[in-house]
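Engineer: What follows is a structure written as structure tokens; I'll ask about it next.
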Amino acid sequence: MLASQAHIITYRETPADAEVISQRLMIRAGLIHKTSSGLYVYTAMLYRTLKKIQAIISEEMAAIGALEFTFPIPPRSGAVGGERALGGVLTLPDDVHLQRPPRRDLRLGPYR
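Going by the numbering used here, the first residue of the sequence shown is number 757, and it counts up by one from there.
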């Protein structure tokens, strides 16, 4: 794609509300776009860059015979009461209790 055909908007000025240097640079370079307070979206250029990085990592992993898989996003620490640490690296919530309408308890969590 030619640069003249790309929809890339760059800025000369640093945004007044940008606090972190990386945030300032990404906004000025046109990689992210602010839609509302604290909410940013990827532009096409950043999305394309991320896809290229992902392809390089996948290619290198395949070259060494590694398996690639994804994990679900764990809940924020402290979001659910009663957590247990796994090796000091990851915290998982203990059982989360819910009630269905006929007052029967449901339990979500690790199998014990």
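Yeah, the Cβ is synthetic: ideal placement off N, Cα and C, and Gly gets one too.
Identify the residues that DSSP records as bridge partners of lysine 790: which are they?
Structural biologist: To locate residue 790, count along the sequence shown from 1; it is residue 34. Note: lysine 790 sits in a beta bridge opposite Tyr796.
Engineer: Using 8 Å as the cut-off, can you tell me whether the segment 812 to 821 makes contact with the segment 795 to 802, which would need three or more C-beta pairs spanning the two stretches below that distance?
Structural biologist: no
Engineer: Return the chain-ordered list of same chain residues with a C-beta closer than 8 Å to the C-beta of leucine 806, the five sequence neighbours on each side being excluded.
Structural biologist: For the purposes of this step, residue 806 is taken as residue 50 along the sequence shown, with counting starting at 1. Cβ within range, chain order: Tyr798.
Engineer: Identify whether glutamine 761 lies in helix, strand or coil by the three-state DSSP scheme.
Structural biologist: Here residue 761 corresponds to residue number 5 of the sequence shown, with the count starting at 1. Correct three-state label for glutamine 761: coil.
Engineer: Taking Cβ to Cβ, would you say isoleucine 820 is nearer than 8 Å to glycine 786?
Structural biologist: Translated into the one-based positions of the sequence shown, residue 820 becomes position 64. Translated into the one-based positions of the sequence shown, residue 786 becomes position 30. Cβ atoms of isoleucine 820 and glycine 786: not closer than 8 Å.
Engineer: With DSSP collapsed to three states, give me the class of aspartate 773.
Structural biologist: Residue numbering aside, residue 773 sits at position 17 when the sequence shown is read from its first letter. Coil at aspartate 773, not helix or strand.
Engineer: Check glutamate 815 in the structure and name its three-state DSSP category.
Structural biologist: As a first step, residue 815 is located in the sequence shown; it is residue number 59 there, counting from the start. Correct three-state label for glutamate 815: helix.
Engineer: So for tyrosine 767, helix, strand or coil by DSSP?
Structural biologist: Numbered from its first residue, the sequence shown carries residue 767 at position 11. When DSSP states are grouped into helix, strand and coil, tyrosine 767 belongs to the coil group.
Engineer: Short check: CB of arginine 723 to CB of alanine 774, under 8 Å?
Structural biologist: Since the displayed the chain opens at 757 and closes at 868, residue 723 lies outside it and no answer follows.
Engineer: Is it buried or exposed, isoleucine 777, if we count other Cβ atoms within 10 angstroms and call 16 or more buried?
Structural biologist: The sequence position of residue 777 within the sequence shown is 21, counting from 1. Burial call: exposed.
Engineer: Take the Cβ of isoleucine 783 as the centre, count every other Cβ of all protein chains shown within 10 Å, and call the residue buried at 16 or more, exposed below.
Structural biologist: Taking the sequence shown and counting its residues from 1, the one referred to as residue 783 is at position 27. With 16 or more Cβ atoms within 10 Å of its Cβ, isoleucine 783 is classed as buried.
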